[in-house]
Amino acid sequence: MQRPFAALRRDTPGDLVFKALLALCCVLVLLLALYPIYFVVIASVSDPTMVATGRVWLVPRDLSWFGYEQILADERIWNGYRNTLVYALVGTALNLVVTMPAAFALSRREFRPRRPLMFFFAFTMFFSGGLIPMYLLLRDLNLLDNWLVFVLPSAVNVFNLIIARSFFEHSLPDELHEAASIDGANYFQFFLKIALPLSMPILSVIGLYYLVQHWNDFFTGLVFVRDYDLQPLQIVLRDILISNQAFSGGAGGAGGAGAGSYAQQYADQIKYGVIVVSTLPVIVLYPFLQRYFEKGVMIGAVKG
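All the letters of the sequence shown, read from the start, carry residue numbers 1046 to 1349 under the numbering used here.
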């Protein structure tokens, strides 16, 4: 006996053509998104002359590690890596410690001041005092040329706070809090033992946002820090690029167009290597947190 609706599950030739075209479009979009990254990687290890003449587009040609040798031999790179790693880890930990409890408190309907407080948080997204008042404030707080300037002023990102608050407000049913209250749990116990363990996906996503924000922080070191020993990786890489551009320009003026072109090619190879060195750690981290973007938090949490 034929099962009911079995015919409805069969793909017609038109459905197969549509799925094939959809798969082809997805592959093309993926290649368009990944190829610039792939080109930077192969250009960083290819002979700069091959890259400059357009003969490198799919596979590396005449492997050359000159760019990475120059970058990794620079002690400033390791100092910048160490500083950025400290700023990113400490800053992300502080961000999560401040953002998650604040988002949970603002998500509770029985917390009456939550709407005025949320208004003041959102107000800062559209209006600010400006750079000069910010500089004067940090100067009065003795945060200039202090590594805490990378951590404390950015303790809360309002956009991430709104995301976390919406998650707590719409993904944690009131029945969970009622059940915990019946068992004698207060708000702190409910947050630490129930809400926070169920919030691992949003915690990981927001933590990743904060980590990338600290890793790519360039403006703070440029404006508020003069001590080079405290500069993050992005400032160090910028200085390396500037010094190599100056070298290529100087070679062009001193040794003619040929010498300048040669120096510019190797400066371009160092530029590609700098891009890889600065983005590789974050790219490697993404796959380990990707599953949290699609994971359902509350599946099976409430029965009945």
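All residues carry an ideal CB built from backbone N, CA and C; glycine is no exception.
Quick one: using the 10 Å Cβ neighbour count with 16 as the cut-off for buried, is residue i buried or exposed?
| i | result |
| --- | --- |
| Asn1231 | exposed |
| Met1145 | buried |
| Thr1057 | exposed |
| Tyr1083 | exposed |
| Ala1065 | exposed |
| Arg1210 | buried |
| Leu1282 | buried |
| Asp1313 | buried |
| Gly1300 | Because the pLDDT of Gly1300 is 49, which lies under 50, any placement of that residue in the model is unreliable, and the question is left without a value. |
| Leu1151 | buried |
| Thr1265 | buried |
| Tyr1080 | exposed |
Quick one: grab the DSSP three-state call for residue i.
| i | result |
| --- | --- |
| Thr1351 | An answer regarding residue 1351 cannot be provided, because it is not within the stretch 1046 to 1349 covered by the chain. |
| Glu1155 | coil |
| Thr1324 | helix |
| Leu1103 | coil |
| Leu1243 | helix |
| Gly1229 | coil |
| Arg1271 | coil |
| Ser1199 | coil |
| Ala1118 | coil |
| Trp1123 | helix |
| Arg1055 | coil |
| Ser1211 | helix |
| Leu1286 | helix |
| Ser1109 | coil |
| Gln1276 | coil |
| Asp1190 | coil |
Does residue i have its Cβ less than 8 Å from a Cβ in chain B?
| i | result |
| --- | --- |
| Val1101 | Of the chains in the structure shown, none is chain B; there is only one protein chain. |
Under 8 Å by Cβ, that's how I've got residue i and residue j pegged, so tell me the actual separation to the nearest angstrom.
| i | j | result |
| --- | --- | --- |
| Val1131 | Asp1190 | In fact, because the Cβ distance is near 16 Å, the residues do not count as touching under 8 Å. |
| Ser1323 | Leu1275 | Not really, about 18 Å apart at Cβ, beyond 8 Å. |
| Ile1280 | Ile1116 | Actually they are not in contact, since the Cβ atoms of Ile1280 and Ile1116 sit about 15 Å apart, beyond 8 Å. |
| Tyr1255 | Asn1140 | 4 Å |
| Val1085 | Val1321 | 6 Å |
| Val1268 | Ala1200 | Actually they do not touch by this definition, with Cβ atoms about 18 Å apart. |
| Val1203 | Ala1167 | 6 Å |
| Ile1239 | Phe1212 | At roughly 14 Å, the Cβ-Cβ gap does not stay under 8 Å, so Ile1239 and Phe1212 are not in contact. |
Please confirm if the segment 1134-1141 is in contact with the segment 1196-1208, defined as three or more CB-CB distances below 8 Å between the two stretches.
yes
Segment contact flag, the segment 1256-1264 with the segment 1318-1336, C-beta cutoff 8 Å, min 3 pairs
yes
Which runs of the alpha helix (DSSP H) at least 4 residues long sit entirely within the segment 1058-1096? Give them in chain order.
1058-1089
Of all the beta strand (DSSP E) runs that stay within the bounds of the segment 1127-1185, which reach a length of 3 or more residues?
none
Counting Cβ pairs, one atom from each stretch, are 3 or more of them under 8 Å apart for the segment 1239-1254 and the segment 1207-1225?
yes
Segment contact, 8 Å Cβ cut-off, at least three pairs: the segment 1079-1093 with the segment 1101-1109
yes
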